[in-house]
Amino acid sequence: MNRSLILVLTNLRFCSACCWHLSQLPGHYPNRKFLRKLLEGEVIDKDKGKEFLVTTGVINKTKASALWENAVIISDVPQHFSYARDQWKSDGILVSHVIDVKNNNFDLSDSTLIWLHLERYQPEIIKESYIKFENNPGVAFIQSYYLKEAFRIDGVYSPVLGTPCHFCHIERWLNREEKSFRRNEMSWANLLQFLKKYQMSLPALALGETERGFSQHLIKRRLQELIGTSLVKGHVDSFMSSISADLITCILSKEPVIHWQACGCLER
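Take the sequence shown: its position 26, counted from the start at 1, is 444 in this note's numbering, and no numbers get skipped.
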């Protein structure tokens with residue numbers, strides 16, 4: 419058989435195989451790991467294979483790829499995220515595990531974004547997760563929790579990029595609360611300091627299905643911005659901002675967060 423014809427048939431076979439595999443992905447959003455395995459399975463040079471797929475229009479070449487390939491959700495209410503792995507794929511969000519905070523022994527892959535969601539706010543859980551996972555290559559963390567009548571989502575803490583951690587966020591907020599309420603014994607700042615001293619968790623708010631649904635929608639949209647198919651153009655500062663949502667008015671506010679001088683995350 420003519421060598422050129424063999425090459426054409428090989429390329430057509432490969433293109434057809436790629437189209438079929440892509441069709442099996444909800445949302446048709448391949449990541450680098452998926453493409454690498456596909457090219458290895460077809461015994462095709464990685465660079466030439468990617469160039470061929472871009473040239474033939476099977477995949478689009480993006481200007482920048484996500485910093486994290488998938489997410490892990492660690493929560494004290496993991497049952498509320500049982501659907502996430504399947505339903506969020508259509509938005510390009512790959513959730514590899516949904517883990518209970520009481521049993522977080524699992525193999526963490528590289529370039530993973532760990533989302534810590536707590537209905538009962540307990541900073542010790544966040545600190546333990548940092549200690550356990552922050553040395554994994556490419557790992558980053560983001561936290562969500564409830565304070566007052568607000569649902570809060572921190573900016574992304576990346577040890578590699580040196581962005582502020584959760585304790586930079588919370589200590590700055592507590593400092594602001596203390597200045598606003600001075601030494602009011604009934605302030606949230608004093609309550610959190612008391613709970614922190616005795617290593618107690620903040621009692622959960624009276625959350626209904628509406629509040630939980632609203633919070634989970636915000637989590638999904640934030641993950642979509644960070645690792646999925648974002649609906650808006652991202653900016654380098656976007657993952658450093660914290661989000662606060664009023665659970666009564668549903669008004670959202672964003673605030674850039676800088677390092678807190680008393681926090682040692684830059685030195686870790």
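Glycine residues also receive a C-beta, built at the ideal position from the N, C-alpha and C atoms.
Separation of S660 from V675, as counted between CA atoms: For V675 and S660, the distance between alpha carbons rounds to 7 Å.
Spell out a yes or no on whether the segment 559-577 and the segment 531-549 are touching, meaning 3 or more CB-CB pairs, one atom from each, closer than 8 Å. The segment 559-577 is in contact with the segment 531-549.
Endpoints, alpha helix (DSSP H) assigned at L644: Residues E627 to L644.
What would DSSP say about H498, mapped onto helix, strand or coil? Here H498 sits in helix by DSSP.
Count the CB pairs spanning the segment 510-517 and the segment 542-550 that are closer than 8 Å, and state whether there are at least three. By the Cβ criterion, the segment 510-517 is not in contact with the segment 542-550, since fewer than three pairs of Cβ atoms, one from each stretch, lie closer than 8 Å.
Between the Cα of Y563 and the Cα atoms of A680, K455 and L665, which residue gives the shortest distance? It is L665.
Who are the Cβ neighbours of K481 in its own chain at under 7 Å, not counting the five residues just before and after it? In this prediction, K481 scores a pLDDT of 45, lower than 50, which makes its location untrustworthy; no coordinate-derived value is stated.
Can you look up P555 in the DSSP assignment and give me helix, strand or coil? Reduced to three states, the DSSP call for P555 is coil.
On the CB-based measure, 16 or more other CB atoms within 10 Å of its CB, does F524 come out buried or exposed? Classification for F524: exposed.
Where does S385 land, buried or exposed, given buried means 16+ other C-beta within 10 angstroms? Residue 385 is absent from the structure shown; the chain starts at 419 and stops at 686.
Here's the rule I'm using: 16 or more other beta-carbon atoms within 10 Å means buried, otherwise exposed. How should A502 be labelled? A502 should be labelled buried.
Buried or exposed: P555, going by 16 or more other Cβ atoms within 10 Å of its Cβ? Looking at its Cβ environment, which holds fewer than 16 other Cβ atoms inside 10 Å, P555 is exposed.
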